[in-house]
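Each remark here refers to the structure printed beneath this line.
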Amino acid sequence: DTGVSQNPRHKITKRGQNVTFRCDPISEHNRLYWYRQTLGQGPEFLTYFQNEAQLEKSRLLSDRFSAERPKGSFSTLEIQRTEQGDSAMYLCASSSEPRLAGGQDIQYFGAGTRLSVL
Amino acid sequence: GESVGLHLPTLSVQEGDNSIINCAYSNSASDYFIWYKQESGKGPQFIIDIRSNMDKRQGQRVTVLLNKTVKHLSLQIAATQPGDSAVYFCAENRPAITNTGNQFYFGTGTSLTVIP
Chain Z
47 DTGVSQNPRH KITKRGQNVT FRCDPISEHN RLYWYRQTLG QGPEFLTYFQ NEAQLEKSRL
107 LSDRFSAERP KGSFSTLEIQ RTEQGDSAMY LCASSSEPRL AGGQDIQYFG AGTRLSVL
Chain F
7 GESVGLHLPT LSVQEGDNSI INCAYSNSAS DYFIWYKQES GKGPQFIIDI RSNMDKRQGQ
67 RVTVLLNKTV KHLSLQIAAT QPGDSAVYFC AENRPAITNT GNQFYFGTGT SLTVIP
């Protein structure tokens, strides 16, 4: 499978614990995105990487959240001191920088990691 | 069948009928739009995109219409099939002002159910 891969698929944790999720993008994609999705809502942007550089962070990304993409390939999203409000689906997407201005910038999504904080 | 944005987040159609899913976007400066389909337990899947310099784009069984005057986007699915049952999201890309211009904003979504 050459699509976006996310691990684990499900994570159950107790409040106050730290969790880390991994995303492996499509290999030739240099852009990587993290989103959060709660039931009945659309994905909410969290952060964006171009290669290894984290270029944007949403105000939704509190100090307890940190994301890395050390070699410009896979990325990790860590949540420290989890709270019940962190329970959600965490989606990763990747895309290629358009070759021309105005070109397609289609994000391909993984299946997500569902986090449940008890 | 046709949905009307946030007020009717569910749409049921008979197999073989055409479906129209609507989306109102918020930023008049948004210049790129994508429709995604999300099935239960899966991530969103790209369906079709359109830039703001176009008002219509067609794909296989799908057509996207863009009305910039009223900031409205619609997805038309021809001859709807049971496999089309999913939640459909429109996403808008807002141009860079204080950011790199790569943030996409997703709507709430419309749940489409196809009745065999």
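Going down the list, the protein sequences come from chains Z and F. Oh and the first sequence: position 92 is 138 in our numbering, straight run, nothing missing. Oh and the second sequence: position 115 is 121 in our numbering, straight run, nothing missing. Every residue gets a Cβ at the ideal spot worked out from N, C-alpha and C, and that includes glycine.
Check: Between V120(F) and G158(Z), what straight-line distance do the alpha-carbon atoms span, to the nearest angstrom?
Finding: For the purposes of this step, residue 120(F) is identified with residue 114 of the second sequence, where counting begins at 1. For the purposes of this step, residue 158(Z) is identified with residue 112 of the first sequence, where counting begins at 1. C-alpha of V120(F) to C-alpha of G158(Z): approximately 25 Å in a straight line.
Note to self: Taking DSSP's pairing of strands, which residues face L139(Z) in a bridge?
What the structure shows: For the purposes of this step, residue 139(Z) is taken as residue 93 along the first sequence, with counting starting at 1. According to the sequence as given, residue 139(Z) is Ala; it is not Leu. Beta-bridge pairing by DSSP links A139(Z) to Y79(Z), F155(Z).
Check: Is P123(F) near T114(F), with beta carbons less than 8 Å apart?
Finding: Any question about residue 123(F) goes unanswered here, given that chain F covers just 7 to 122.
Notebook entry, point to check: Can the beta-carbon of S162(Z) be found closer than 8 Å to that of S133(Z)?
Noted result: Translated into the one-based positions of the first sequence, residue 162(Z) becomes position 116. Translated into the one-based positions of the first sequence, residue 133(Z) becomes position 87. Yes, the Cβ-Cβ distance between S162(Z) and S133(Z) is below 8 Å.
Notebook entry, point to check: Grouping DSSP H, G and I as helix and E and B as strand, with all else coil, what is D23(F)?
Noted result: By 1-based counting over the second sequence, the position of residue 23(F) is 17. Looking at D23(F) - three-state DSSP - the assignment turns out to be coil, as it is neither helix nor strand.
Note to self: Helix, strand or coil, according to DSSP, for R61(Z) in the structure here?
What the structure shows: To locate residue 61(Z), count along the first sequence from 1; it is residue 15. In the structure shown, R61(Z) adopts coil according to DSSP, grouped into three states.
Note to self: Mapping the DSSP letters down to three states, classify D109(Z) as helix, strand or coil.
What the structure shows: By one-based count along the first sequence, residue 109(Z) stands at place 63. Of the three classes helix, strand and coil, the one that applies to D109(Z) here is coil, per DSSP.
Notebook entry, point to check: For D90(F), does the count of other Cβ atoms within 10 angstroms reach 16, so buried, or fall short, so exposed?
Noted result: Along the second sequence, read from residue 1 onward, the residue named residue 90(F) stands at position 84. Flag for D90(F) reads buried.
Next item on the list: Can you have a look at P71(Z) and say buried or exposed, based on whether 16 or more other CB atoms are within 10 angstroms of its CB?
Entry: Locating residue 71(Z) in the first sequence gives position 25, where the first residue counts as 1. By the 10 Å Cβ count, P71(Z) comes out buried.
Checklist line | Enclosing beta strand (DSSP E) for K103(Z) [first to last residue] | finding: Taking the first sequence and counting its residues from 1, one reaches residue 103(Z) at position 57. That run of the beta strand (DSSP E) goes 99-103.
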